[in-house]
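Undergrad:
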Amino acid sequence: MVAINKERSNREIENKNQSPSVLFLHQKVKISNHFFPMAPKTSSLLGPPEIYREPPSSTVSHPPSSSTTTKSDPFMDLMVANYNTDSGSDAENPVMGFTENNSATFLSSGNPCLDFFFHVVPNTPPESLTQRLQLAWDFDPLKTLKLICNLRGVRGTGKSDKEGYYAAAIWLHKHHPKTLACNVPAMADFGYFKDLPELLYRLLEGADVRKRAKEERLKKRSRFGSCRRRGSRSCFPMVFGGRGRGRPPFGGGRSKKVKRSGSGTNKGPREARILANLQKVETEKQIARRGREERKINQAKKAVERYRRDPDYKFLYERVSDCFTDCLKADMEFLNSGELKKISLAAKWCPSLDSSFDKSTLLCESIARKVFPKDSYSEYDGIEDAHYAYRVRDRLRKQVLVPLRKALELPEVYIGANDWGSIPYNRVASVAMKMYKEKFLKHDKERFEEYLGKVKEGKAKIAAGALLPHEVIAALNDGDGGEVAELQWRRMVEDLSKKGKLKNCLAICDVSGSMSGIPMEVSVALGVLVSELSEEPWKGKLITFSANPKLQSVVGEDLRSKTEFVRIMEWGMNTDFQKVFDLILKVAVRGHLKEDQMIKRVFVFSDMEFDQASLNPWETDYQAIVRKFGEKGYGNCVPEIVFWNLRDSRATPVPRNQKGVALVSGFSKNLITLFLEDNGDINPEAVMDAAISGEEYKKLVVLD
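Now the structure itself:
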């Protein structure tokens, strides 16, 4: 067994005798009963030796920022303090406007934090997200920090909006770097450890680096596709084989016979042409290899240079490195003591040596230095720092990452070893199962099908926690025939059902033209999910609203048949929200229903861009619903409405304090848990506060 820590560092013993308020190096700062380690004073990042073989690039000089002072003026100070920060609306009377379809609506809830919670969805542009983020932070920093983490939350009541979270975290680093850095361990709990190197990577390469890479991949695929369609010789190298004649792989027919006399018309002996082609290929390989090496060196230089010149980045970098180090040390202790269930996933997501993340961030070196500190191991005495860094990096791989990953039984370990027959399928995570299922069928079909059969019989379990409902439905068309998707959907419903049932609830799905694309897929998926979680007689029921809303009984025994039924339901191009509640009210009046027999809660999955339906141009849809129910004698039993926003828009159905209404958003099923069982009266702010009230949120602290 490997002993990671032979003894406690002398620095830690010395720190006990110092003031707990401010300590540096491997020391801590105490703020509000929380202790946060501070970044080291001296640089400890070396990088690969290749970056030092060339003459160092000229040092970039950064002139000191000039601060100018102006004479204070009392009137101007008051103007700036009281009017420049005015958002244009107050809490009681938010600004009103119109939806895209000319229905009256509020343009804000009157609470910037609630606006952020309701309006930021996975398709929100980064510019709009950061604009709302700034307003929310100015209003309530701690609550905004919690809402940022709520964006990422995979478990609990989080929204699983990874891209939105990264955009918010980058904004946080720019404007409040200490808050981001000191909350790294807490923030890692909301997503996964991979978020940490991903954030460093985006800070180094640009916030839109993933978007640019995706666009480049699509361009390459497009060029390759056009070449295949043309069957052009210029798109493919000559293929040698068969009878020896070089031909393009598509089309061509018979080639003309070439004279082999010594007349000089031939281009040369066949062997010479083959040799020339091979030399050309080898030259291209060498060019590509040099390009990769150059990119690697440039990435490493960029990482070291940013680490040395940018104290905010260095502070964050050290906190990320500390987070991995602390977890890996603890996990090795669990491994050595046989407490395998306590091992975290730090080893899984710690960058592997010479991986993309390691080349761009150099995290492996930093983590290895802390796991195997030079002053704690005598074998490193007197050796050069570069050689020490090389040795501990390799030691990190062999003695920490490899045994921990083996103990975690990660599918990637077995796949990499081509040991398909040993994969423990019941331990495969939900996203990994979705990603690898077709490979499992290809390489280990008998065992994998046996495992799926056990899941159907209830003798084994399949993970589904990190998947979004519409992603599961989309996977019905995958190469496995949708068998895994069916089982993951069933697991999703079972997990939510254990937390409670939706009593007297009905889902309304917006399937109008403005919802085309992913928002419509999410609307249908969440609608079907709510219908399955509802108690009888509402189980299996939902309403689609367009020109002619109808109550639908979802028909089908499995997920595929249910979604196919929903797809053929009557859809339209408009969003007549009022007609839905007119239909509900009409049924109640005709049936002479008592107040306690009225439906209690309605989920509205929509983009909130409702059609104009009121004669009063400034009467909102919710105000019109309340008025109509009151006119028919049902004023005391207006159904509670959960407005669930699925698309980036400004429309806000109600202000912050409207009783009987909730404002939520996103593509995740997690927020449904807020409405399971009877949780009393609701209002927008109370529901938002409930979504960020878990124990994990209590660890978050604002520092700057």
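Counting from 545, one number per residue, gives the positions in the sequence shown under the numbering used here.
A virtual CB, placed ideally from N, CA and C, is assigned to each residue, including glycine.
(1) May I ask you to verify whether the stretch 710 to 729 touches the stretch 1220 to 1239, counting CB pairs closer than 8 Å and requiring at least 3?
(2) State the DSSP-derived secondary structure class of E1108, mapped to helix, strand or coil.
(3) Using the C-alpha atoms, what's the distance from V1099 back to K1106?
(4) Which same chain residues end up closer than 8 Å to S1067 when comparing Cβ atoms and leaving out the 5 residues on each side of it in sequence?
(5) Pick out whichever of L948, F992 and M1152 has its Cα sitting closest to the Cα of Y969.
(6) I need the DSSP call for Q1096, collapsed to helix, strand or coil.
(7) Taking a contact to mean a Cβ-Cβ separation below 7 Å, would you say R937 touches C894 in this structure?
(8) Could you give the C-beta distance for D988 and G965, rounded to a whole number, given that I count them as a contact under 8 Å?
(9) Check for me: the beta strand (DSSP E) holding L1207 runs from which residue to which?
(10) Within 10 angstroms of the Cβ of L744, are there 16 or more other Cβ atoms? Answer buried if so, exposed if not.
(11) Would DSSP call N1189 helix, strand or coil?
(12) Assuming V1148 is part of the beta strand (DSSP E), what are its boundary residues?
(13) If you run the structure through DSSP and keep just helix, strand and coil, what is I927?
(14) Check this for me: beta carbons of F1147 and F1121, under 7 Å apart or not?
(15) Given K846, which residues of its chain have a CB within under 7 Å of its CB, disregarding the five upstream and five downstream residues?
(16) Between Y596 and the rest of its own chain, which residues show a CB-CB distance below 6 Å, the 5 nearest in sequence each way excluded?
(17) Between S652 and the ligand MG, is the CB less than 6 Å from at least one heavy atom?
(18) Give the secondary structure of M1059 by DSSP, where H, G and I count as helix, E and B as strand, and everything else as coil.
(19) Which two residues bound the contiguous beta strand (DSSP E) that contains C1181?
(20) Residues in the same chain with beta-carbon distance under 6 Å from K840, minus the five sequence neighbours each way, listed in chain order, please.
(21) Using the DSSP secondary-structure output, state which residues sit across from A513 in a beta bridge.
(22) According to the Cβ coordinates, are K1045 and E1001 closer than 7 Å?
(23) Ordered along the chain, which non-local residues of its own chain (more than five positions away) have a Cβ less than 6 Å from that of G797?
(24) Mapping DSSP to helix, strand and coil, what is L872?
(25) Consult DSSP for S881 and reduce its assignment to one of helix, strand or coil.
(26) Is F734 helix, strand or coil by DSSP?
(27) Just list the alpha helix (DSSP H) runs in the stretch 693 to 746, keeping only unbroken ones of 4 residues or longer that don't cross its boundaries, in chain order.
(28) Between L985 and I1006, is the Cβ-Cβ spacing less than 7 Å?
(29) Contact between the stretch 913 to 931 and the stretch 869 to 877 is defined here as three or more beta-carbon pairs at a separation below 8 Å; is this criterion met?
(30) Assuming R1145 contacts V1186 under a Cβ cut-off of 8 Å, what Cβ separation, rounded to an integer in Å, is found between them?
(31) Inspect the beta-carbon positions of D925 and K981 and report whether they are closer than 7 Å.
(32) Between which two residues does the alpha helix (DSSP H) carrying M1113 extend?
(33) Report the three-state DSSP secondary structure of T649 (helix, strand or coil).
(34) Drop a sphere of 10 angstroms on the beta-carbon of R863, count the other beta-carbons inside from all chains shown, and report buried for 16 or more, exposed for fewer.
(35) Applying the criterion that 16 or more other CB atoms from any shown protein chain within 10 Å of the CB defines a buried residue, is S922 buried or exposed?
(36) How far does the alpha helix (DSSP H) with M979 in it extend, from its first residue to its last?
TA: From the atom records:
(1) no
(2) helix
(3) 6 Å
(4) C1053, D1054, V1055, M1059, F1149, S1150 and L1190
(5) F992
(6) strand
(7) no
(8) 6 Å
(9) V1205 to S1209
(10) buried
(11) strand
(12) R1145 to S1150
(13) coil
(14) no
(15) L748
(16) none
(17) Inclusion of the ligand MG in the displayed structure is not the case, the ligand content being empty and no account of it being possible.
(18) helix
(19) Neither: C1181 is in no beta strand (DSSP E) and is coded neither H nor E.
(20) K903
(21) No answer is possible for residue 513: it lies beyond the span of the chain, which begins at 545 and ends at 1248.
(22) no
(23) Residue confidence for G797 is low, a pLDDT of 48 falling below 50, so the modelled location carries little weight; the figure read from the coordinates is stated next. Answer for G797: no residue qualifies.
(24) helix
(25) helix
(26) coil
(27) 706 to 719, 721 to 726 and 728 to 732
(28) no
(29) yes
(30) 7 Å
(31) no
(32) Looking at the DSSP string, M1113 is not in any alpha helix (DSSP H), and its letter there is neither H nor E.
(33) strand
(34) buried
(35) exposed
(36) S974 to H987
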